[in-house]
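K.L.:
The sequence shown runs contiguously to residue 764 in my numbering. Built from N, CA and C at the ideal position, the CB exists for glycine as well. Bear in mind that the values here come from a model prediction, so they are computed numbers and not experimental data. Here's a structure for you.
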Amino acid sequence: MKRVVLDQIPFRVDRNLLFKRIHLQPDDEDGARVMEMIKEAEEIGRPKVVYTLSSINDKQDDHVIIDGVRLSSRIMRVNFADINRVFPYVATCGRELHEWAEGIEDMLEQYWAAVIMEQAHTAAQKYFYEHLENEYRLGKFRSMHPGSLEDWPISQQRELFQILGDVRKSVGVELTESCLMLPIKSTSGILFQTESDFVSCRLCPREGCPNRRAEYRPGLYAEKYQAAGN
Ligand code: SF4
C-alpha cells in the first residue's frame, strides 16, 4: 500500500462563478465584502487530498477486502471484478477554511463562505484527478462513495478511513459519530479504473436530489449486480 498526501494544491476563487452563484455583482453594495472574503480565503485556503494505492486482497459475494480491511458492498464486489488495485481517498476544502468559516456570524456571509469552500473542495478533486492521470495513466475511471447507496452504508466510512490511516492528521478531516465528515466540504470514496459507465445515481431512487448526475434505472441492480457468478 502506498499512501500519498497532496497538500500543495493551488487555490484561487473563480470570481465570476462565485458572483453568479450568490446572485451578486462585484460592484453591488455587498460586493466589496465578498471581495474581502475572497482575499482572506485565498490567503488561508489549503485544499488537500489523501489517497492510497491499495490492493484488493479478496473478493466474496457481498464484500471485498482492501489492504486487509473488509468493505461490505455487493455493487463494489461486481464493480471490482476485473481489477486488483484501487484508490481510496478523501478530498477536502481543508481545515483552515473550515475554521475561518466557523468564525463568521452573519448568515449571509456564512453562505458566501460555504460557496467559497465548495470551490476549494472542487480544486482538491480536480487536482487529484490530474495527479492520478499523470502518475498512473488511468484512462477511464469511476468512483464509489460510502452512504450514497444503501448497498454501501455510511457507517463504512470508518473502514475507509482505516485504510487511509490518520486522516485527521494528514488532511484535517475527521468523522462525527454519525460518520459525516468535518469539514463538510469533503468527499470520501474509492476511485477505480473501469470501462463501465458506473454512476451511483442510476441505482438510487431518491427523488428531487439536486446532485443527481444520471437517471434512476429501476431493474439495473437486479440485472447487473444481483446475478450470481460475479
Ligand atoms: S441521486 Fe443524489 S443521493 Fe442518489 S446517488 Fe445520486 S447524488 Fe447521491
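1. Got a list of residues with beta-carbon closer than 7 Å to any non-hydrogen atom of ligand 1, in chain order?
2. Entirely within the region 630-695 and at least 3 residues each: give me those beta strand (DSSP E) ranges in chain order.
3. How big is the Cα-Cα spacing for E708 and I688?
4. Cβ atoms of L558 and V547: under 8 Å apart, would you say?
5. Please say whether E633 and R580 have beta carbons closer to each other than 8 Å?
6. Need the endpoints of the alpha helix (DSSP H) that G565 sits in, please.
7. Start and end of the beta strand (DSSP E) containing L540?
8. To the nearest angstrom, how far is the alpha carbon of M610 from that of H597?
9. Answer yes or no: do P622 and T586 have a C-beta to C-beta separation smaller than 8 Å?
10. What are the partner residues of V584, as DSSP defines its beta bridges?
11. List, from N- to C-terminal side, the beta strand (DSSP E) runs of 3 residues or more that fit wholly inside the region 705-744.
12. Within 10 Å of its beta-carbon, does C743 have 16 or more other beta-carbons around it, so buried, or fewer, so exposed?
13. Just mark Q691 as buried or exposed, buried being the case when its beta carbon has 16 or more other beta carbons within 10 Å.
14. What did DSSP end up calling N618 once you bin it into helix, strand or coil?
15. Quick check on DSSP: helix, strand or coil for V598?
16. Do you know offhand how far K593's Cα is from V612's?
17. Work out the CA separation of M571 and I638 for me, nearest whole Å.
18. Whole angstroms is fine: what's the gap from A748's alpha carbon to K674's?
19. Which of the three DSSP states is assigned to V612 in this structure?
20. Leaving aside the five residues before and after M535 along the sequence, list all residues of the same chain whose C-beta is less than 6 Å from its C-beta, in chain order.
21. Does the region 661-675 come close enough to the region 692-701 to have 3 or more Cβ pairs within less than 8 Å?
22. Would you mind stating whether F726 and V620 have Cβ atoms separated by less than 8 Å?
P.N.:
Inspection of the coordinates gives the following:
1. Sorted by position in the chain, S682, L683, S734, C735, C738, R740, C743, N745, R746 and R747 make up the residues whose C-beta lies under 7 Å from a heavy atom of ligand 1.
2. Counting only runs of 3 or more residues that sit fully inside the region 630-695, the beta strand (DSSP E) segments are 675-678, in chain order.
3. Cα-Cα distance, rounded: 14 Å.
4. No.
5. Not in contact: R580 and E633 (Cβ atoms no closer than 8 Å).
6. Taken as a continuous stretch (DSSP letters only), the alpha helix (DSSP H) holding G565 covers G565 to I578.
7. K536 to L540 is the span of the beta strand (DSSP E), which, as asked, contains L540.
8. One C-alpha to the other measures close to 7 Å.
9. With contacts defined by Cβ atoms closer than 8 Å, P622 and T586 form a contacting pair.
10. DSSP output for V584 lists V539 and V624 as bridge partner(s).
11. The region 705-744 contains these whole beta strand (DSSP E) runs: 720-727.
12. Label assigned to C743: exposed.
13. Buried, since its Cβ has 16 or more Cβ neighbours within 10 Å.
14. Assignment of N618 by DSSP, reduced to helix, strand and coil, places it in the coil class.
15. In the three-state DSSP reduction, V598 falls in the strand class (E or B).
16. Near 9 Å, if we compare the C-alpha coordinates of V612 and K593.
17. Distance from the CA atom of I638 to the CA atom of M571, rounded to whole angstroms, is 10 Å.
18. Annotation: A748 to K674 spans about 17 Å, alpha carbon to alpha carbon.
19. Note: V612 maps to helix in three-state DSSP.
20. T586, S588 and D601, listed in sequence order.
21. Too few Cβ pairs lie closer than 8 Å, so no.
22. Yes, the pair counts as a contact, with Cβ atoms nearer than the cut-off.
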